[in-house]
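Report on the structure given below.
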Amino acid sequence: MVARFPLMFLLVSHLFVLGVMSRNFTIENKCDYTVWPGFLTMTTVVSLPTTGFSLKKGETRVINVPSSWSGRLWGRSFCSTSSTGNFSCATGDCGSGKIECSGAGATPPTTLIDFTLDGTNGQDFYDVSVVNGYNLPLVVVPQGSGSGRTCSSVGCVVNLNKTCPSELKVMGSSDKEHPIACMNACEKFGLPEFCCYGEYSTPEKCQATLYSKNFKNECPLAYSYAYDNENSTVRCSNSHNYVITFCPNNKNSASQSSKETNGETKQKSSWKLKLILGVSAASTMMIIIVVVIIVRTKNVRMSDWNDQNVEAVEMLKRYSYTRVKKMTNSFAHVLGKGGFGTVYKGNLPESGRDVAVKILKESEGDGEEFINEVASMSRTSHVNIVSLLGFCYERNKRAIIYEFMPNGSLDKYISQNMSTKMEWKRLYDIAVGISRGLEYLHNRCVTRIVHFDIKPQNILMDGNLCPKISDFGLAKLCKNKESIISMLHMRGTFGYIAPEMFSKNFGAVSHKSDVYSYGMVVLEMIGAKNIEKVEYSGSNNSSMYFPDWVYKDFERGQITRIFGDSITDEEEKIAKKLVLVALWCIQTNPSDRPSMIKVIEMLEGNLEALQVPPNPLLFSPAETVPEILEDSDETSTFFNPSSFESGTLLTSEDALQHGSSNNRSSAADPPFPAQPSKETNGGTKQKSAWKLKLILGVLAALTVMIIIVVVIIVKTKNGTKSDWDDQNVEAVVMLKRYSYKRVKRMTNSFANVLGKGRFGTVYKGKLPDSGRDVAVKILKETEGNGEEFINEVASMSRTSHVNIVSFLGFCYERNKRAIIYEFMPNGSLDKYISDNMSTKMDWERLYAIALGISRGLEYLHNRCVTRIVHFDIKPQNILMDDHLCPKISDFGLAKLCKNKEVSIISMLDARGTAGYIAPEVFSKNFGGASHKSDVYSYGMVILEMIGARNINMVKNARSTNSSVYFPDWIYKDFEQGEIIRILGDQITEEEEKIAKKMVLVGLWCIQTNPSDRPPMIKVIEMLEGNLEALEVPPKPLLYLPAATVPETLEDSNETTSFSNPTQFERGTPSAS
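What the sequence shown shows, in mature numbering (1 follows the signal peptide of the UniProt record, and there is no 0), is residues -22 to -1, 1 to 1050, in sequence order.
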């Protein structure tokens, strides 16, 4: 729920004093349906005679309120009582199970009224809020001798449900045509700019968004976002009573027709003057047309071939519906159909690449499906997530374009119709791949995502049978630290839905709901290996279903009934591991299920380390499936589900009840303004010359105006930003292209310099649409910028990870080039490990930073859709966010690799910064440049972090004139057991373990021979594993003291970071 700051502070902090007087709240219902008002008192000092009641159409009720009361009230709609006596409402429900709310608040979305009576200086404070969404119109009118700054009516009197964006609409359980409420953007998307948390938690940062602006435009006197307190809170003195009206009548102005007076004019203008006015109007309109055409042509032109190259590396593109139709050959090749639309095979026009094109149906709910899928997929980049390549959004014409998977979906390979089953090793690889994709969505993606529809039909297989998670239509975007997810309705496919999705009695909905679905998929894969046994369990008339059957046989040691007779020892280990992991994942209690990072650890670890989980006891045979749940098995996948018998969740009748009511909203649309009447004046039959000329002039002006309207309509139709909803789609896609003029404006004419480097200057700026702080790198107009720019845009547009700086946009206007990415308020890592820091970071923080950097590099090398080698890892390129979480930045020297290219990368020149460059980047004599070159740089960064903890030792190393340089010095002390010189004497036992682990990892990473260095996935394993398992590496022998650094290499130490490097003495390799 969104925070409400100003008035809620008054509600909580106000010192209540019981007064002798009381107030009257006159509550009247002018809606065309019954409303159930609800009350919430914010203090226990005073109470109300009621906390909820029914108010039918046209009824009025007076509530006696204590004069010092503080609280809120609202209207509930579409309420009903179930067969078990449980009272609930479709909107504004307080969850008490009865008409009286009894101290419970309203469930969003709800229009709220907040009151503090007899507050500061004896004033009343009140407001109407749509911060938590909207369900019905209302107004508050003060009565009596009130005075104050405003002491006026306040409310939201229009029907926002009719103008609500499609992705925020809340539909009734039976009426799918008319929305019953409008959600707030925070509840829907959970992003910080919508919720005003994190860096947006201050009044300066928490600004109105596209959504709250829409609410504010419709209801200017109501609260629309957290700090919207300028005109929203009313202060009123000595106003005793208030009238609260639901659905106030606001038809007074809309239905009035214009009146025309047809009497004679007292003064007639000259026909010449009228003709001149007509011709002048026509000339003015012609000039406007020319200006409009020139401006629009200037804004949409694609200037040159290089411009097209930049567009090519952006990846995510927006297509017109005409181009979508062309790429699918007029929708000729159907791949599959589902509840939300049809999927066709197509070819991208610019590359001929095969793609899958999902055309969404023009029906209710598509808005949410579309926004969810585009928002979720545009934030992901992982080898186990289907890549979003583009989309189409032309009002009701919506399409999603993503990579084509030639091998279809997983269910095709685990169905009963497959004559040849997959081998266990292949099933294991698929299970690990799916787990990595889910772990990325839950923990490593920039915006955390819960999928809510994991099933075999949504796991697509590429040409190498690598699994990729698809179909994000039901996904939910979460705050990065969010554990519990609010749900308005159940989502998912029956057979894979976690128990907590049905009922809160089983726990809260979270990322663990995906873990449950994953466990069911793995069990289905196991069943596919021995389908005869699956059929046996399915044909059994007992209450046993397959997961329970697997558990009992596994517990008894009857594994041949599960795995079959022809299985090798190695395959048996794999199969047992899959069974144990799956059974842990489908535990009834979400807290008993492992996280996805733990699932990966279990799959890749030793079988002997896995314990047998408790028996899941929740399920019963599939024959008990209620019909309402069977209907929920609709899916938008390529293939119909064909899975073994799955059990159904036993749940109470209340958990399946959906509130319904015969009282439907029938509030009439506001009448359109009456059209001006066409009058016949019984006109004269005499036609004067001046009238004819006047008519000709006016006709000319009207003709020009018609031409303007036609031009604007055509231009708007062909353009990409057509309406307010259109801007919402652009907002969730994130990556934007800005004009140089807008870049200059967002940096306040380049006023705040963050840092300078060889390729350009970095400025602080603000995004014009959200006010978000950003870093803007303006590249110099010198030789080499083209490659630098293309590298950075191409690399960063392909990444999405919590340890990679987020790319938000760019500018490319010939020689005007800029890169816009998220602003890091804590600067770069070198700021925290420099000589000038009076307070050093503790070992746990340094360890967390080292682990974060390793995760970011491992993602770039192995998990990113396009594998990337950075080639410039150094402290200045590790930026720190608000929580000191490290993020890799500056991809100007990066190299994009083929997905299978893991060894040698062709290099035309050495790239990087002296002191961090791997030996093989200087000379091929040491091996080929590869991802291991980044590993070397990472090792040097780790050693520099260790040196920062004991700067006196570093200064001592500097003062020596020997050929010993710092890493060599560390190695010798570590080998001789003189760890105090390295780590310092003020260190705890636990810190010593962390420090030793970092030293060993750092020394392994800087091995001379690239083949001796561990890959980044092994580095993570070493950092997270036991210290005792780490061996001491060979001694690095390559280096000479820094005095031998060639001058040309010193020049390469230029950086585009935010602060100048201040680091201890580094040795550099001898160039061959």
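Cβ coordinates follow ideal geometry from the N, Cα and C atoms, glycine included.
- Taking C-beta atoms as the reference points, Gly805 and Ile798 fail to come closer than 8 Å.
- In the DSSP assignment, the residues bridged to Ile756 are Thr739, Ala796.
- Tyr112 and Pro143 do not touch by the CB rule: their CB atoms are close to 12 Å apart, not below 8 Å.
- Assignment of beta-bridge partners to Tyr203 by DSSP yields no partner.
- In the assembly as shown, Ile265 is an exposed residue. Its beta-carbon has fewer than 16 other beta-carbons within 10 Å.
- Counting only residues of its own chain and dropping the five nearest sequence neighbours on each side, Glu898 has a CB closer than 7 Å to the CB of Phe904, Gly905, Gly906, Ala907, Ser911, Pro988.
- Annotation for Gly906: no alpha helix (DSSP H) segment contains it, and DSSP assigns it neither H nor E.
- Per DSSP, Ala560 is not a residue of any beta strand (DSSP E); the alpha helix (DSSP H) it occupies stretches across 547 to 563.
- Note that the stretch 782 to 796 touches the stretch 851 to 871; at least 3 beta-carbon pairs, one per stretch, sit closer than 8 Å.
- Rounded to whole angstroms, the gap between the alpha carbons of Phe480 and Thr85 is 18 Å.
- For Tyr189, the secondary structure class from DSSP, reduced to helix, strand or coil, is helix.
- One thing to note: Ile412 has its Cβ within 8 Å of the Cβ of Pro445.
- DSSP places Gly16 inside the beta strand (DSSP E), whose first and last residues are 13 to 19.
- Around the Cβ of Gly100, a 10 Å sphere holds fewer than 16 other Cβ atoms; the residue is exposed.
- Around Asn219, the same chain offers Arg1, Asn2, Gln121, Gly122 as residues with beta carbons nearer than 6 Å, after the five sequence neighbours per side are excluded.
- Measuring C-alpha to C-alpha distances from Ser61 to each of Tyr810, Met574, Gly75, Asp71 identifies Gly75 as the nearest.
- Considering only Asn64, Pro157, Ala163, the residue with the shortest C-alpha distance to Asn110 is Ala163.
- Taking Cys789 as the centre and dropping the five residues before and after it, the same chain places the C-beta of Tyr716, Tyr718, Val721, Ala796 closer than 6 Å to its C-beta, in chain order.
- When Cβ pairs closer than 8 Å are counted between the two stretches, the stretch 437 to 454 is seen to touch the stretch 381 to 390, the count reaching three or more.
- Between the alpha carbons of Asn374 and Glu340 lies a distance of about 6 Å.
- Residue environment analysis places Val919 among the buried positions, since at least 16 neighbouring C-beta atoms fall within 10 angstroms of its C-beta.
- DSSP, read as helix, strand or coil, puts Asp868 in coil.
- Boundaries of the beta strand (DSSP E) harbouring Ile437: 437 to 439, taken from the DSSP string.
- Taking C-alpha positions only, Thr94 is separated from Val43 by approximately 11 Å.
- In this model, Leu978 and Cys842 are separated by some 27 Å (Cα to Cα).
- Of the residues Ile267, Asn325, Asp449, Lys433, the one whose Cα lies closest to the Cα of Phe348 is Asp449.
- The C-beta separation of Gly70 from Gly16 comes to about 6 Å, placing the pair in contact by the 8 Å criterion.
- In this model, Phe430 and Asn139 are separated by some 27 Å (Cα to Cα).
- Close CB contacts of Met580 within its chain, under the 7 Å cut and outside five residues either way in sequence, are with Val559, Pro572, Leu588 (chain order).
- Taking C-alpha positions only, Phe172 is separated from Asn192 by approximately 13 Å.
- In the same chain as Leu732, and ignoring 5 residues on each side of it, the C-beta atoms closer than 7 Å to its own belong to Val740, Tyr741, Lys742, Ala753, Phe1036, in chain order.
- DSSP places Leu857 inside the beta strand (DSSP E), whose first and last residues are 856 to 858.
- The beta carbon of Arg750 sits closer than 7 Å to the beta carbons of Glu171, Lys744 from its chain, once the five residues preceding and following it are set aside; these are given in chain order.
- Considered as a whole, the stretch 401 to 455 harbours 426 to 428, 437 to 439, 445 to 447 as its complete beta strand (DSSP E) runs of no fewer than 3 residues, in chain order.
- Secondary structure note for Ile222: it is in no alpha helix (DSSP H), and the uninterrupted beta strand (DSSP E) holding it is 219 to 224.
- Lys734 carries a strand assignment under DSSP once its states are collapsed to helix, strand and coil.
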